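Taking it in order: structure first as structure tokens, then the write-up.
Number of protein chains: 2
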Amino acid sequence: MKRASRRSKAVTIRTVAKHAGVSPMSVSNVLNGRRVMPETQAAVERALAELDYTPNSAARQLASGGVTSVGVLLHPALEQDFLSPMLVGVLNATSKFGVQLIVERASYDDVTEAWAAVRALTRRGAGGVLLPPGICEVMALGAETARTDLALVAFAPGRDLPGMASVRIDDFAAARDMTSMLLDQRHRRIGFITAPRSLGVFESRRGGYLAALHARGMEIDHDLILEGQMDFRSGFAAAAEMLNLANPPTAIFASNDDMAAGALVAARSLGIDVPNALSVAGFDDTPLATKLWPPLTTVRFPVIEMAELAIEMLVEAARSHVPPPPVTRYLSYSIVERASTGTEPKASPPAS
Amino acid sequence: MKRASRRSKAVTIRTVAKHAGVSPMSVSNVLNGRRVMPETQAAVERALAELDYTPNSAARQLASGGVTSVGVLLHPALEQDFLSPMLVGVLNATSKFGVQLIVERASYDDVTEAWAAVRALTRRGAGGVLLPPGICEVMALGAETARTDLALVAFAPGRDLPGMASVRIDDFAAARDMTSMLLDQRHRRIGFITAPRSLGVFESRRGGYLAALHARGMEIDHDLILEGQMDFRSGFAAAAEMLNLANPPTAIFASNDDMAAGALVAARSLGIDVPNALSVAGFDDTPLATKLWPPLTTVRFPVIEMAELAIEMLVEAARSHVPPPPVTRYLSYSIVERASTGTEPKASPPAS
DNA sequence: CTGAAAGCGCTTACAG
DNA sequence: CTGAAAGCGCTTACAG
Chain A
1 MKRASRRSKA
11 VTIRTVAKHA
21 GVSPMSVSNV
31 LNGRRVMPET
41 QAAVERALAE
51 LDYTPNSAAR
61 QLASGGVTSV
71 GVLLHPALEQ
81 DFLSPMLVGV
91 LNATSKFGVQ
101 LIVERASYDD
111 VTEAWAAVRA
121 LTRRGAGGVL
131 LPPGICEVMA
141 LGAETARTDL
151 ALVAFAPGRD
161 LPGMASVRID
171 DFAAARDMTS
181 MLLDQRHRRI
191 GFITAPRSLG
201 VFESRRGGYL
211 AALHARGMEI
221 DHDLILEGQM
231 DFRSGFAAAA
241 EMLNLANPPT
251 AIFASNDDMA
261 AGALVAARSL
271 GIDVPNALSV
281 AGFDDTPLAT
291 KLWPPLTTVR
301 FPVIEMAELA
311 IEMLVEAARS
321 HVPPPPVTRY
331 LSYSIVERAS
341 TGTEPKASPP
351 AS
Chain B
1001 MKRASRRSKA
1011 VTIRTVAKHA
1021 GVSPMSVSNV
1031 LNGRRVMPET
1041 QAAVERALAE
1051 LDYTPNSAAR
1061 QLASGGVTSV
1071 GVLLHPALEQ
1081 DFLSPMLVGV
1091 LNATSKFGVQ
1101 LIVERASYDD
1111 VTEAWAAVRA
1121 LTRRGAGGVL
1131 LPPGICEVMA
1141 LGAETARTDL
1151 ALVAFAPGRD
1161 LPGMASVRID
1171 DFAAARDMTS
1181 MLLDQRHRRI
1191 GFITAPRSLG
1201 VFESRRGGYL
1211 AALHARGMEI
1221 DHDLILEGQM
1231 DFRSGFAAAA
1241 EMLNLANPPT
1251 AIFASNDDMA
1261 AGALVAARSL
1271 GIDVPNALSV
1281 AGFDDTPLAT
1291 KLWPPLTTVR
1301 FPVIEMAELA
1311 IEMLVEAARS
1321 HVPPPPVTRY
1331 LSYSIVERAS
1341 TGTEPKASPP
1351 AS
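Line by line, the protein sequences give chains A and B.
Each residue of the first sequence is one higher than the one before, starting from 1 at the first, in this note's numbering.
Each residue of the second sequence is one higher than the one before, starting from 1001 at the first, in this note's numbering.
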């Protein structure tokens, strides 16, 4: 009974074939984009549409022996702002390729744990694994990476990862462009809050800031470069320190949005109006950027597209049984101008 | 060659059966938890472990004719804070049940578009669809809901949805408990920032606040109840208005974290110290709550567990071909106390 | 270019 | 409780 009912509603490749007056093979050929005669093509396509046929992906995978799943490593704390768009991109791609997504949690500090999670993923059938930022940088260092014949792709590492396929933006160029934009707005004293030295983005983002200043022949004032911890609090502290300088900055560019938000609130606490007396810019375009007032000028990653590309690389590698070539694929970032930045104030800031 | 290599590494149910000296059927029975003789069980389990066998889920699904996918509707703007943990919970469950997750984007305002997305999902093979907050409330109103025999589960609607299966927390009780906690901390003037009237949570959260005050026989001061728009800005504005009152509140409870964050910053702008001169509490435990300083006391949803449960309901309904019973499953919330709240200030606030 | 055959790895009835 | 048989819906070689 149950079986009968199930069967009654199944539109299979066979149903379509009969409807179109061809063999199931021809339907399969059309479905998979192989060359068929025009009239066959037309008949099949009509039947497909009329019957509202959907291929059974389970059958497809079983028959083709193809990759059935890819894995993603997740941080247990789930703190990362880009996680939702990353997962959305991942799901877009897994939906598209008809592969199952399996997830495993692993702490980012513990490489051993991360490798155990990767192995668990492969044991569960993952043909490849996506490595989020943080963990990918640590894992790229390990000797195991070279040995493995597993398909691994690093997502948004903070720097180039020799020997590992990765998808990222050019952090250096983005930071350089943001700094140039502030210079174009006539700011001449631009504070910079770096990432902690341990992160891959420390060097690339700070380097971009320095490069923009160098390009204009400007001197570096080391009082205007402070190290942050990527959180609101350290951004607040660094900004407060800079703003209390005898010769304070008219703009502050932070290595991420959380620190920029801290700078914004620090300015407000000191009675400094943003953007009229101080411009503030961040990096990452996290949800926080538009939650504050004024909303933050920041650097946007094409997170969804990056994740889609990464999964595509993974699926392709897994299907061909050859690990992805260890190259970095750069996707383009954009500078998002919002109300937190503007022309350098006419009235010079207090003090000095 | 390729085929051979693929085959060489496949550990199938047949391999296991030979290794254990039983038939494939017995292996299948053990795998599916059916009764077998103890010695058969033991032999199979040993073989399973020694061979590190993983079932091929594609084959499994094909053979059992089971549900192969469930769908999730996503808002194109992806703004929602709970999206990552929701997706993580969804993925935990889909991984566990071996079903494919497919996603479709649909605007939350447009019911027609939402229904089209649901149909697209089912056409692509989804046996059921998870409806996120916002859209589920709107869709529950439509006549189509009653007509459909599709498995639908509402995730975290702001209020009870008659006729639709849903998973949520008791917003009313949570708001009541938070308010009671503030009362226990000796606050006697507690401001409340509501959600906009159009949202399901407007009534439930405000109701909880009022109930807590009533329970202590306290009078309601309508100057302390202001409507917000769920964003930072409206929280800022509402808090600023209350704090400029002749008799300002010593605590402000906002219907979500974004508005609580706005209240926090408003207080700081006015030179009011949090928590020493003002306590601030939010709702939702979004990432923002711990990014600010002081971090926000708030109400936490078990988002991951809720999503897992919702997918479980969906899979079960789809597999049994009977829509999920239209009941609300409540999961327990918790009040997370952080540094933004504390005992009522000894020194009375300024003014009055 | 097309189709009949075999098989992907598992499960569902059905005999024993 | 156990196993031989058939089949899930598709694709891969292989003849025509």
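Built from N, CA and C at the ideal position, the CB exists for glycine as well.
Just so it is clear, the structure is predicted and the values come from calculations on it, not from any experiment.
Following the DSSP letters along the chain, one finds Phe1082 of chain B in no beta strand (DSSP E), marked with neither H nor E. When 9 Å is used as the limit between beta carbons, Leu1031 of chain B is near no residue of chain A, the shortest such separation being about 15 Å.
Using a Cβ-Cβ cut-off of 9 Å, Thr1054 of chain B counts as an interface residue toward chain A, since at least one Cβ of chain A sits closer than that to its own. Leu1182 of chain B sits in a helix when the DSSP states are folded into three classes.
With a threshold of 16 other beta carbon atoms within 10 Å, Ser1234 of chain B meets it and is buried.
Taken through DSSP and simplified to helix, strand or coil, Val1011 of chain B comes out as coil. At least one CB atom of chain B sits nearer than 9 Å to the CB of Ser95 of chain A. Between the C-alpha atoms of Glu316 of chain A and Arg268 of chain A there is a straight-line separation of about 50 Å. At a cut-off of 9 Å, the C-beta of Ile1193 of chain B has no neighbouring C-beta in chain A. Judged by DSSP secondary structure, Tyr1330 of chain B falls outside any alpha helix (DSSP H) and instead within the beta strand (DSSP E) spanning 1328 to 1330. In the three-state reduction of the DSSP assignment, Ile220 of chain A falls in the coil class.
For Trp1293 of chain B, the nearest CB of chain A lies under 9 Å from its own CB, placing it at the interface with that chain.
Per DSSP, reduced to three states, the secondary structure at Phe301 of chain A is coil, with no helix or strand assignment. What Val265 of chain A touches in chain B, judged by beta-carbon distance under 7 Å, is Val1265, Arg1268, going in chain order. Looking at A:Ala20, A:Val70, A:Ser95, the one whose alpha-carbon comes closest to that of Thr40 of chain A is A:Ala20.
Using a Cβ-Cβ cut-off of 7 Å, Ile1102 of chain B is close to Ser95 of chain A, given in chain order. Fully contained in the stretch 1021 to 1078 of chain B are the following beta strand (DSSP E) runs of length 3 or more, in chain order: 1069 to 1074. Its Cα nearest to that of Gly1262 of chain B, the residue B:Ala1239 stands out among B:Ala1239, B:Pro1248, B:Leu1074.
Within the stretch 106 to 162 of chain A, the complete alpha helix (DSSP H) runs of at least 4 residues fall at 111 to 123, 135 to 141, 143 to 147. In the structure shown, the three-state DSSP call for Val1167 of chain B is strand. Between Leu1051 of chain B and Val1022 of chain B, the C-beta gap is not smaller than 9 Å, which leaves the two residues out of contact. Between Ala165 of chain A and Val30 of chain A, the beta carbon gap of about 33 Å keeps them out of contact (Cβ cut-off 8 Å). Within 10 angstroms of the beta-carbon of Gly125 of chain A lie 16 or more other beta-carbons, which makes it buried.
With contacts defined as CB atoms closer than 9 Å, Phe232 of chain A and Ile190 of chain A fail to qualify as a contacting pair.
Phe1155 of chain B does not reach chain A, its nearest Cβ partner there being about 14 Å away, counting only Cβ pairs nearer than 8 Å. About 5 Å separates the CB atoms of Asp257 of chain A and Ala289 of chain A; that is less than 8 Å, so the two are in contact. Not one beta carbon of chain A lies nearer than 9 Å to the beta carbon of Asn1276 of chain B. Here the alpha carbons of Ser1340 of chain B and His1214 of chain B stand approximately 25 Å from one another. Under the three-state reduction of DSSP output, Ala1017 of chain B falls in the helix class. When only Cα atoms are considered, Leu224 of chain A and Ser95 of chain A end up about 47 Å apart.
The Cβ atoms of Leu83 of chain A and Leu130 of chain A do not sit closer than 9 Å to each other. A contact between stretches requires three or more CB pairs, one per stretch, nearer than 8 Å, and the stretch 131 to 138 of chain A fails this requirement with the stretch 1092 to 1107 of chain B.
According to DSSP, Glu1104 of chain B shares a beta bridge with B:Leu1073. For Ala1059 of chain B, the chain A residues whose Cβ falls inside 8 Å of its Cβ are Ala58, Leu62, in order along the chain.
Leaving aside the five residues that flank Met1181 of chain B on each side, the residues in its chain whose CB is nearer than 7 Å to its CB run, in chain order, Ile1335.
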